[in-house]
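Peer 1:
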Amino acid sequence: METILLLAHTETYGSLAKPAREALHAAATLHKSLAGSKLVVGLVGENVQAAANSIAACPATKYFSVTGKEFCQARYAGDAAAAEAICKSAHATIVIAPATSRWNRVLPGVAQRLGGRADTHVTGVGVGGDKVTVSRWYYRQRMEVALQRTQRPWFILIDPGSQPACECHAGNATVENVAVASPDSVKRTVVIGIREPRADAQTIRPDAQVLFVTGAGWTKKQADGQTHVPEAEKLIRGFLQLTRASLGSSKSLVDQSGEGQAVLSFLSHLNQIGQTGATPRHAKGLSTCCHGEEPHTVGWRFIAERRAVNLDPNCGWARGKADVLYVADAFAVMGKVNELLAKM
Ligand SMILES: Cc1cc2nc3c(=O)[nH]c(=O)nc-3n(C[C@H](O)[C@H](O)[C@H](O)COP(=O)(O)OP(=O)(O)OC[C@H]3O[C@@H](n4cnc5c(N)ncnc54)[C@H](O)[C@@H]3O)c2cc1C
Numbered sequence: 020m021e022t023i024l025l026l027a028h029t030e031t032y033g034s035l036a037k038p039a040r041e042a043l044h045a046a047a048t049l050h051k052s053l054a055g056s057k058l059v060v061g062l063v064g065e066n067v068q069a070a071a072n073s074i075a076a077c078p079a080t081k082y083f084s085v086t087g088k089e090f091c092q093a094r095y096a097g098d099a100a101a102a103e104a105i106c107k108s109a110h111a112t113i114v115i116a117p118a119t120s121r122w123n124r125v126l127p128g129v130a131q132r133l134g135g136r137a138d139t140h141v142t143g144v145g146v147g148g149d150k151v152t153v154s155r156w157y158y159r160q161r162m163e164v165a166l167q168r169t170q171r172p173w174f175i176l177i178d179p180g181s182q183p184a185c186e187c188h189a190g191n192a193t194v195e196n197v198a199v200a201s202p203d204s205v206k207r208t209v210v211i212g213i214r215e216p217r218a219d220a221q222t223i224r225p226d227a228q229v230l231f232v233t234g235a236g237w238t239k240k241q242a243d244g245q246t247h248v249p250e251a252e253k254l255i256r257g258f259l260q261l262t263r264a265s266l267g268s269s270k271s272l273v274d275q276s277g278e279g280q281a282v283l284s285f286l287s288h289l290n291q292i293g294q295t296g297a298t299p300r301h302a303k304g305l306s307t308c309c310h311g312e313e314p315h316t317v318g319w320r321f322i323a324e325r326r327a328v329n330l331d332p333n334c335g336w337a338r339g340k341a342d343v344l345y346v347a348d349a350f351a352v353m354g355k356v357n358e359l360l361a362k363m
C-alpha cells in the first residue's frame with residue numbers, strides 16, 4: 020500500500036503558491052486512482068497553519084509540519100532536515116512535490132539520504148496496470164518518456180504549469196508538528212535580500228495567456244534600407260503593456276547584445292526560447308520577425324496555439340511549425356494590433 024505525501028513549502032507570507040496546489044492536484048488524482056493508497060500532507064515554513072487550512076477539504080487524512088523562523092527562507096541544510104523528518108514521520112513511499120527552485124535543490128539529496136530515488140521535471144503522474152507511472156520529457160522536450168520505479172521512497176517533482184491547480188476548499192486542519200533540531204551549523208547561510216527587476220521591467224510572466232516572441236528581424240534593415248529599432252521597441256513594449264503577455268525571444272536577437280549591435284534594451288538571455296533556452300507553457304504564442312528554425316521551435320512544445328508573422332512565405336513556421344502564418348510586415352501588423360487593443 021502506497022502512502023502518498025504531498026510535500027510543500029509555504030511562501031514568505033505563509034500562503035501556498037500555485038505550483039504547490041498543482042502538485043496537490045497530481046497527488047490527489049494519483050491517490051484516487053491507486054486503490055488502497057493513503058494521502059497525507061507535509062508543510063515546511065515559519066507558520067503553516069493558514070496554508071494547511073486553505074487546503075483542508077482535500078482528501079488528505081493527516082497533516083505534518085516543520086515550522087519555525089529558520090524555515091521561512093530557503094536554506095539547504097534546514098530544508099533537507101525538515102523534508103527528511105516529515106518523510107520519516109509520514110512513512111511516505113511516494114513523495115510528490117512542486118518543482119520549485121527551493122525543492123529542486125533539496126529533494127534529490129533527501130532521496131539519497133533515505134535510500135530512495137528522485138525524478139525532476141515530471142509533467143504527468145498516473146497508474147499504468149497497477150503501477151505508478153510518471154512522464155517527463157528528454158532531449159530538450161523532443162521525447163516523452165513514461166517510467167515506473169520499484170525503489171521507495173520515490174520523490175516526484177512536478178513541473179509548475181503542467182497540472183491544473185487543486186481547487187479544494189478551506190477548513191480547519193489539524194497539523195502534527197515534527198521536531199527538527201536546528202543547530203548553528205545548519206543556519207550558516209543567511210538570505211540578506213532579494214534582487215529582482217522592477218515590476219514593469221519584468222517581462223517573463225509564466226502565468227500569461229500569451230507568449231509574444233521577438234526575433235532578429237526587428238533589428239534588421241527594412242524595405243527602406245534602414246533599421247527601425249526605436250520603433251520596434253515602442254511596438255513591442257506597447258503590445259506587452261496592453262496584453263500583459265510574456266516576452267520570449269530567439270537566440271539571434273538576445274545574442275546581439277553580446278555582439279555590441281543595436282538591440283532591444285529589455286531583452287536578456289532569460290527571454291530565449293528553444294533548445295538552449297526555455298520551454299514555457301502558455302495557451303497561445305505569437306512569433307514576430309523570427310524565422311522559426313528547429314532549435315528555436317522546440318521551445319514551443321507546450322504552446323497550445325501557435326501563430327507567426329513573417330515577411331518570408333518560406334520561413335520555418337510555414338513548414339508545419341505554426342498553426343497560422345501571416346505573411347506580412349510585423350511593424351505594420353503590430354502597429355494595427357496595438358491600435359485595436361487600445362480601443363478595447
Ligand atoms: C545548437 C544550437 C542551439 C540553438 N538554440 C537556439 C535556441 O534555444 N533558441 C533560438 O531561438 N535559436 C537557437 N539556435 C539558433 C537558431 O538556429 C536560429 O539561428 C535562430 O533562432 C534565428 O533567430 P531569428 O529567427 O530571430 O533570426 P533570423 O534567422 O535572422 O530571422 C529573422 C526573420 O525576420 C524576418 N523579418 C525581417 N523583417 C521582418 C518584418 N518587418 N516583418 C516580419 N518578418 C520580418 C525575416 O524574414 C527572417 O525570417 C540554436 C542553434 C544551434 C546550432
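Count along the sequence shown from 1, add 19, and you get the number used in the numbering used here.
Positions of the beta carbon are idealized from the N, C-alpha and C atoms, including for glycine.
This structure is a prediction, so every number in the text was calculated from the model and none was measured.
#1: Of the residues A54, K51, T112 and F231, which one's Cα is nearest the Cα of R263?
#2: If you check the beta carbons only, do P225 and E41 fall under 8 Å apart?
#3: If you follow the beta strand (DSSP E) that M363 is part of, which residue opens it and which one closes it?
#4: With a threshold of 7 Å, establish whether the CB of F285 neighbours any heavy atom of ligand 1.
#5: Name the DSSP bridge partner or partners of F231?
#6: DSSP three-state label for V273, please.
#7: What's the C-alpha gap between V317 and V343?
#8: Compute the minimum distance between the beta carbon of A235 and the heavy atoms of ligand 1, and state whether it is under 7 Å.
#9: Mapping DSSP to helix, strand and coil, what is G28?
#10: Tell me, to the nearest whole angstrom, how far the beta carbon of T31 is from that of C106; I am working on the premise that it is less than 8 Å.
#11: What residues are listed by DSSP as bridge partners for Y157?
#12: I need the DSSP call for L344, collapsed to helix, strand or coil.
#13: Would L126 and A102 qualify as a contact pair, given that the criterion is a beta-carbon distance under 8 Å?
#14: Is the beta carbon of V67 sitting closer than 8 Å to the one on V194?
#15: Please state the DSSP three-state secondary structure of K150.
#16: Among I177, F174 and S154, whose alpha-carbon lies nearest the alpha-carbon of L166?
#17: Taking contact to mean at least 3 C-beta pairs separated by less than 8 Å, is the region 56-65 in contact with the region 133-149?
#18: From the DSSP output, read off the bridge partner residues of D138.
#19: As a quick exercise: from W173, P78 and L35, pick the residue whose alpha carbon is nearest that of K51.
#20: Which residue marks the beginning of the beta strand (DSSP E) containing P117, and which one marks its end?
#21: Tell me the residue span of the alpha helix (DSSP H) that contains E103.
#22: Tell me whether A297, by its Cβ, gets closer than 7 Å to a heavy atom of ligand 3.
#23: Just to confirm, are S422 and N196 a CB contact at a threshold of 8 Å?
#24: W319: which of H310, K340, T307 and N333 sits nearest, CA to CA?
#25: Could you tell me the alpha carbon to alpha carbon distance between L266 and A200, rounded to whole angstroms?
#26: Are the beta-carbon atoms belonging to K270 and G296 less than 8 Å from one another?
#27: How many Å lie between R217 and T22 at the Cα?
#28: What separation, rounded to the nearest whole angstrom, lies between the Cα atoms of L24 and E324?
#29: Along the chain, where does the alpha helix (DSSP H) containing E41 start, and where does it finish?
#30: Is Q291 near ligand 1, going by C-beta to nearest heavy atom under 7 Å?
#31: Straight-line CA distance for A36 to F174?
#32: Cβ-heavy atom distance between N10 and ligand 1 below 7 Å?
#33: Going by other Cβ atoms of all chains shown within 10 Å of its Cβ, with 16 needed for buried, is H315 buried or exposed?
#34: How far does the alpha helix (DSSP H) with L58 in it extend, from its first residue to its last?
#35: Closer than 7 Å: is that where the CB of K253 sits relative to any heavy atom of ligand 1?
Peer 2: Taking the structure as given:
#1: F231
#2: no
#3: Segment: none, M363 is in no beta strand (DSSP E) and carries neither H nor E.
#4: Distances from the CB of F285 to the heavy atoms of ligand 1 are all 7 Å or more.
#5: L266 and L305
#6: helix
#7: If I take the Cα positions, the gap works out to 17 Å.
#8: Remark: the shortest separation between the CB of A235 and any heavy atom of ligand 1 falls under 7 Å.
#9: The amino acid at residue 28 is misidentified as Gly; the sequence shows His. In this structure, H28 counts as strand in the three-state DSSP scheme.
#10: Contact flag wrong, Cβ pair sits at about 24 Å.
#11: M162
#12: strand
#13: Cβ distance < 8 Å, so L126 and A102 count as in contact.
#14: Going by C-beta atoms, V67 is nearer than 8 Å to V194.
#15: strand
#16: S154
#17: Below 8 Å, too few C-beta pairs join the region 56-65 and the region 133-149 to call them touching: fewer than three.
#18: DSSP links D138 through a beta bridge to I175.
#19: P78
#20: I113 to P117
#21: First-last of the alpha helix (DSSP H) with E103: Y95 to A109.
#22: No copy of ligand 3 appears in this structure; the ligands present are ligand 1.
#23: What the structure shows of the chain is the stretch from 20 to 363, and residue 422 is not part of that stretch, so it cannot be assessed.
#24: The option with the nearest alpha carbon to W319 is K340.
#25: 44 Å
#26: Yes.
#27: 43 Å
#28: 35 Å
#29: Where E41 is concerned, the enclosing alpha helix (DSSP H) stretches over K37 to S52.
#30: yes
#31: 20 Å
#32: Only positions 20 to 363 of the chain appear in this structure, which leaves residue 10 out of reach.
#33: buried
#34: Per DSSP, L58 belongs to no alpha helix (DSSP H); it is in the beta strand (DSSP E), K57 to G64.
#35: False, no ligand heavy atom lies under 7 Å from that Cβ.
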